[in-house]
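A.B. asks: Quick one: the structure is below, and I'll ask about it shortly.
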Amino acid sequence: MLRVGVCVSGGGTNLQAIIDRVQDGTIQNASIEVVISNNKNAYALERAKQNGIHAEVLSPRDFDNREAFHEAFMNLLDSYELDLVVLAGFLVILPPQLFEKYENRVINIHPSLIPSFCGTGYYGLKVHEGALARGVKLTGATVHFVNAETDGGPILLQKAVEIRHDDTPEILQRRVMEEAEWVLLPQAINLIAAGKVSVVDGKAIIH
Ligand code: GRF
């Protein structure tokens, strides 16, 4: 059984998609051991509680400096003995020690087709604003392993979503979630739980 921790900051619709797919058996051999939020008001925490999942709040604001927060965050992850950490809308600067200690065991969902509209500054609606401003006709979502480079780790799954001429950033954000994010993230967890993913020469391979 793959022990999964999910890190969130907001509404947690991606978390909900994972919970639903565990419950309906689409994701097999995985259990959500903990949901960690930096924001005590995140609705994602409510979703965890409603589903009997441990919920933890750990905010950088409660620590004197970033190093102290990072140490506490690592200790919290370690205490749940996780095989996989899923970043599902987690808007926090990650501890450098995470990349080494949990190498190829942390995945993130990003709401564009990486390498477009990603990297520093591209989060939330800004990603979709960027896609609309450039006038691309396809966008989508990407699940990737996390390394020290923002949105730069090995790409695991991608799914394209069409852009319509009258889209607003909000409408596009919703379509990317419905058509891509909520499908890809559970799929990625299921593939990892089934032992079907490896990283070779910096690239993720699905067997
Ligand atoms: C998603 O768009 C995700 O791609 C991004 O943050 C958003 C999280 O939404 N990184 P939710 O909290 O899962 O509803």
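For the sequence shown, our numbering gives the first residue as 546, with consecutive numbering after it.
In this text, a Cβ means the ideal position worked out from N, Cα and C, and glycines have one as well.
All figures in this text were calculated on a predicted structure; none of them were measured in a lab.
(1) Relative to the C-alpha of glycine 556, which candidate in Lys585, Leu547 and Gly570 has its C-alpha closest?
(2) Quick one: grab the DSSP three-state call for isoleucine 652.
(3) Can you tell me the Cα-Cα spacing of glycine 570 and aspartate 609, whole angstroms?
(4) How big is the Cα-Cα spacing for isoleucine 572 and leucine 632?
(5) Please classify histidine 710: does DSSP put it in a helix, a strand, or coil?
(6) Count the other CB atoms, across all protein chains shown, that sit within 10 Å of the CB of glutamate 612; report buried if there are 16 or more and exposed otherwise.
(7) Starting from alanine 686 and walking both ways along the beta strand (DSSP E), at which residues does that stretch end?
(8) Taking a contact to mean a Cβ-Cβ separation below 8 Å, would you say proline 731 touches arginine 548 in this structure?
(9) In the DSSP output, which residue or residues are listed as bridge partners for cysteine 542?
(10) Does ligand 1 have a heavy atom nearer than 7 Å to the CB of glycine 557?
(11) CA-CA distance, valine 681 and isoleucine 750?
(12) What's the C-alpha gap between glutamate 674 and tryptophan 727?
(13) On the DSSP bridge assignment, give the partners of valine 728 in chain order.
(14) Would isoleucine 563 and isoleucine 734 qualify as a contact pair, given that the criterion is a beta-carbon distance under 8 Å?
(15) Sorry if obvious, but does the Cβ on alanine 593 come closer than 7 Å to a heavy atom of ligand 1?
(16) Please report the straight-line C-alpha distance between leucine 603 and aspartate 712, rounded to a whole angstrom.
(17) Looking at threonine 687 and isoleucine 708, is the spacing between their C-beta atoms short of 8 Å?
(18) In angstroms with no decimal places, state the Cα-to-Cα distance between glutamate 723 and serine 576.
(19) How far does the alpha helix (DSSP H) with serine 624 in it reach, from first residue to last?
(20) Please confirm whether any heavy atom of ligand 1 lies closer than 7 Å to the CB of glutamate 724.
(21) Using the rule of at least 16 other Cβ atoms within 10 Å of the residue's Cβ for burial, across every protein chain shown, is glycine 747 buried or exposed?
(22) Based on DSSP bridge pairs, tell me the residues matched to alanine 575.
C.D. replies: Judging by the given coordinates:
(1) Comparing C-alpha distances from glycine 556 to each of Lys585, Leu547 and Gly570 shows the shortest one belongs to Lys585.
(2) Correct three-state label for isoleucine 652: strand.
(3) For glycine 570 and aspartate 609, the distance between alpha carbons rounds to 43 Å.
(4) Rounded to whole angstroms, isoleucine 572 to leucine 632 spans 17 Å at the Cα level.
(5) In the structure shown, histidine 710 falls within a coil segment according to DSSP collapsed to helix, strand and coil.
(6) It counts as exposed.
(7) Alanine 686 -> beta strand (DSSP E) spans 683-690.
(8) No, the pair does not count as a contact, with Cβ atoms beyond the cut-off.
(9) This structure gives no information on residue 542, because the portion of the chain shown stretches from 546 to 752.
(10) True, at least one ligand heavy atom lies under 7 Å from that Cβ.
(11) Answer to the nearest angstrom: the Cα atoms are 28 Å apart.
(12) Approximately 20 Å, taken between the alpha carbons.
(13) Beta-bridge pairing by DSSP links valine 728 to no other residue.
(14) Their beta carbons are under 8 Å apart, which means isoleucine 563 touches isoleucine 734 by this criterion.
(15) For alanine 593, the shortest separation between its Cβ and any heavy atom of ligand 1 does not lie below 7 Å.
(16) Roughly 36 Å separates the two Cα atoms.
(17) The answer is no: Cβ separation not under 8 Å.
(18) Rounded to the nearest angstrom, the two C-alpha atoms are 23 Å apart.
(19) It spans 611-624 - the alpha helix (DSSP H) in which serine 624 sits, taken as one unbroken run.
(20) The answer is no for glutamate 724.
(21) Answer is exposed; the Cβ neighbour count stays below 16.
(22) For alanine 575, which the question treats as bridged, DSSP gives the partners Leu547.
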